[in-house]
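I have placed the structure first, in the form of structure tokens, so that the comments after it can refer back to it.
Residue numbers (this note's numbering), protein chains in the order written: chain G, 1 to 58; chain P, 59 to 241.
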């Protein structure tokens, strides 16, 4: 199974999912653990971490 | 596996075979927003889906009805599910649900999405839409009927899950979804 956090154009996570196959999408970030608490957080592409909105500098 | 099949004869739907169906009624107690419910056995989340209905336990004519009585149902582990409502309340909410596990022949994709705009497209692994169906449950932060907000519709394409609603209304729906495909 393939786990992703999917982000919008502002890199804010709108979905966390477990898919049956790999997808190629610039807004789908592979993650190691399915964690619904990522929804609403912002992905920092520099640190590759998810941060609370307002703290991320993307 | 043999013991499960002894309890419930396998039912074939094409190549898919149902292994076990668990039916339960439970509550989210007053004062709580979520509950992790142990099913008491181990199942394969990749071969299982959940469906259910929540039963209001209080007057829904107030402005804070749906936020406490709509519940998201999520398979969150190999032996447990998580039930979540948006807001706690002095009242409990009752949930009737089923977890359906297949022995073979299906593939299940799942996730949780927040829909705040009028549309949201969530890429998924490619499916055959003529052999797939959806199961979803959602929570909202307000009483949608009082305010006239419309819940999003949900549709499948071969490579995405699509949510659409007439207007964004300024509120966010949180949706637990599953796409079950016969393979």
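The beta carbon of each residue, even a glycine, is placed where N, CA and C say it ideally should be. Model, not experiment: these values are computed from the prediction.
CB contact below 8 Å: residue i versus chain P
i            : result
residue 1/G  : yes
residue 9/G  : no
residue 56/G : Only weak support exists for where residue 56/G lies, its pLDDT of 45 falling under 50; the coordinates are left without a value.
residue 53/G : no
residue 49/G : no
Chain G contact for residue i (CB, 8 Å cutoff)
i             : result
residue 216/P : no
residue 104/P : yes
residue 229/P : no
residue 121/P : Residue confidence is low: residue 121/P scores 47 on pLDDT, short of 50, so the model does not pin down where it sits. No coordinate-derived value is stated.
Closer than 7 Å: residue i CB and nearest the ligand COA heavy atom
i             : result
residue 222/P : Although the ligand COA was asked about, the structure shown includes no ligands whatsoever.
Neighbourhood of residue i by C-beta, 8 Å cutoff - its chain only, sequence neighbours within 5 removed
i            : result
residue 60/P : Note that residue 60/P has pLDDT 49, beneath the 50 cutoff, so the model's placement of it is unreliable and the number below is only indicative. Contacts found: none.
residue 97/P : 80, 82, 137, 138, 139, 157
Contacting residues, own chain, Cβ-Cβ under 6 Å from residue i (five flanking each side not counted)
i             : result
residue 154/P : 83, 110, 111
residue 13/G  : 5, 7, 38, 39, 41
residue 195/P : 130, 131, 234
residue 31/G  : 3, 5
residue 113/P : 152
residue 172/P : 230, 232
Contacts around residue i, its chain only, beta-carbon distance under 7 Å, and the 5 residues preceding and following it disregarded
i            : result
residue 51/G : 41, 42, 44
residue 81/P : 156
Under 8 Å between C-beta atoms of residue i and residue j
i             : j             : result
residue 34/G  : residue 16/G  : yes
residue 169/P : residue 18/G  : yes
residue 103/P : residue 76/P  : no
residue 23/G  : residue 224/P : no
residue 238/P : residue 150/P : no
residue 184/P : residue 21/G  : yes
> Can we say the segment 93 to 111 of chain P touches the segment 146 to 165 of chain P, given the rule of at least three CB pairs closer than 8 Å?
Replying inline: yes
>> Against chain G, which members of the segment 154 to 184 of chain P pass a CB distance test of less than 9 Å?
In response: 165, 166, 167, 168, 169, 170, 171, 172, 173, 174, 175, 178, 180, 181, 182, 183, 184
> Should the segment 209 to 221 of chain P be called in touch with the segment 231 to 241 of chain P, which here means at least 3 C-beta pairs below 8 Å?
Replying inline: yes
> Got a sec: which bits of the segment 13 to 25 of chain G sit with their beta carbon under 8 Å from any beta carbon on chain P, in order along the chain?
Replying inline: 14, 15, 16, 17, 18, 19, 20, 21, 22, 23, 25
> Is there contact here, the segment 188 to 200 of chain P with the segment 46 to 53 of chain G, by at least three beta-carbon pairs under 8 Å?
Replying inline: no
> Given 8 Å as the limit, is there contact between the segment 91 to 100 of chain P and the segment 164 to 176 of chain P, that is, 3 or more CB pairs closer than that?
Replying inline: no
>> Does the structure place the segment 171 to 185 of chain P close enough to the segment 218 to 227 of chain P that three or more beta carbon pairs sit under 8 Å?
In response: These segments touch.
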